[in-house]
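73 is the number that this note's numbering gives to position 61 of the sequence shown; each next residue is one higher, with no gaps.
Even for Gly, the Cβ is constructed at its ideal location relative to N, Cα and C.
Notes follow once the structure below has been shown.
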Amino acid sequence: MVKTLIMAGGIGERLWPVSSEKRPKQFHHFGSAKTMIEETIERMEKLTGELLIITTREQFPLIQYYTPLFKGDNVIFEPAGRNTAPAIALGSTRFEDDDIMVIVPSDHIIRDEETFLRTMKTAIEYAGKHEALVTIGITPTSPNTGYGYIERGDCLNEREEVFAVRKFHEKPDYETAQQYFQSGKFYWNSGMFVWKKKVFDSELSKHLPELYEAMLELKKNPSRIEEIYEKVPRISIDYGLMEKSSNVATVPANFYWNDIGSWDAVYELLHKDGNGNAVIGKFSTHDVKNCLLVNYTQTRVGISSIEGYIVVMSGEGTLVCRRGESQTIKEIIKQQGG
13 MVKTLIMAGG IGERLWPVSS EKRPKQFHHF GSAKTMIEET IERMEKLTGE LLIITTREQF
73 PLIQYYTPLF KGDNVIFEPA GRNTAPAIAL GSTRFEDDDI MVIVPSDHII RDEETFLRTM
133 KTAIEYAGKH EALVTIGITP TSPNTGYGYI ERGDCLNERE EVFAVRKFHE KPDYETAQQY
193 FQSGKFYWNS GMFVWKKKVF DSELSKHLPE LYEAMLELKK NPSRIEEIYE KVPRISIDYG
253 LMEKSSNVAT VPANFYWNDI GSWDAVYELL HKDGNGNAVI GKFSTHDVKN CLLVNYTQTR
313 VGISSIEGYI VVMSGEGTLV CRRGESQTIK EIIKQQGG
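Rendered as structure tokens:
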């Protein structure tokens, strides 16, 4: 059986002050009438027979509010944040050995749904016939420095839709990103995966044995989940498994994809007015160009004579920074103690 695991436990701190622990980014909407988690569920319902969501107990009321028809029995609670490898491993305990796992984040914007579904079906078909970990690689549209990259190797199927992964690369500097972009052999790492449960278990036992053993122990003693989970390593699926495995394939994708990983990404997504401004909320402007202006308060904000800035206001606080520098928000959050 093909089943989907939706990752929905993150906070999205790089979208502060809109995304917060009270309402993380997957429960917001950007350029759409529906929240990102609603759109994710609707997409995946067209692809797989059963959907599971892994999240935290703190976020469960938000899931109930925004997706009231989603079955509570299909929500898995992560006792503590341990990054993506433990979260996926915990989710995998709800799959049978021969099931195909489709893992997707809940907080990405995807357009051209027809192409998305076709790409995912290719990955599912390949994973069903081969003992491989399959990842979705997004064909770059620019030399972006904000994403990790997948370098492809040899073609693995007759239709030239699946390639071996030669290497995973960290976020590059601009010059390196240009080289990746021009080569045509590099893809953005989307964080979407497809594999058979038993293949995942096999690779996990080789490369993250401590986590694998913890999941075996959890199956025997589910009541000890908090105690067991507290001891698992805090590590991402990329570092812990994908970069170590010699058995990884990628399916290149050409649909629109935006992980909304920063306010710069939101600016790229939204419609711009004649002055290049993307505006949400109440603003009065004079001589303002190429800015992202977001106001989730009821107070009108006046802005004059700026270009290339990001201004975001909510009940949580106010952010002002230059476009292109919104990744530095993590440093601001550290100063606030989170």
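The C-beta distance from Gly140 to Glu90 rounds to 28 Å, too long to meet the 8 Å contact threshold. Relative to Val206, the option among Gly160, Val116 and Trp269 whose CA is nearest is Val116. Three or more beta-carbon pairs separated by less than 8 Å are not found between the stretch 153 to 167 and the stretch 218 to 231, which leaves the two stretches without contact. If only uninterrupted beta strand (DSSP E) runs of at least 3 residues are considered, those enclosed by the stretch 144 to 206 are 145 to 150, 161 to 167 and 175 to 181.
Contact annotation: the stretch 141 to 150 touches the stretch 199 to 215, with at least three C-beta pairs closer than 8 Å.
DSSP, reduced to helix, strand and coil, places Asn233 outside both helices and strands of the structure shown, so it counts as coil.
Distance from Phe267 to Asp124 at the Cβ level is roughly 4 Å; contact confirmed, criterion being Cβ atoms closer than 8 Å. Around the beta carbon of Asp119, a 10 Å sphere encloses 16 or more other beta carbons of the protein chains shown; the residue is thus reported as buried. Nearest in C-alpha terms to Ile322, of all of Gly203, Arg312 and Arg334, is Arg334.
Assigned with DSSP and collapsed to three states, Trp275 falls in helix.
Here the C-alpha atom of Met48 lies approximately 10 Å from the C-alpha atom of Tyr78.
Of the other Cβ atoms in all chains shown, fewer than 16 fall within 10 Å of the Cβ of Tyr186; this residue is therefore exposed. When secondary structure is reduced to three states using DSSP, Tyr224 falls in the helix class. Secondary structure note for Tyr77: its alpha helix (DSSP H) is the uninterrupted segment Phe72 to Tyr78.
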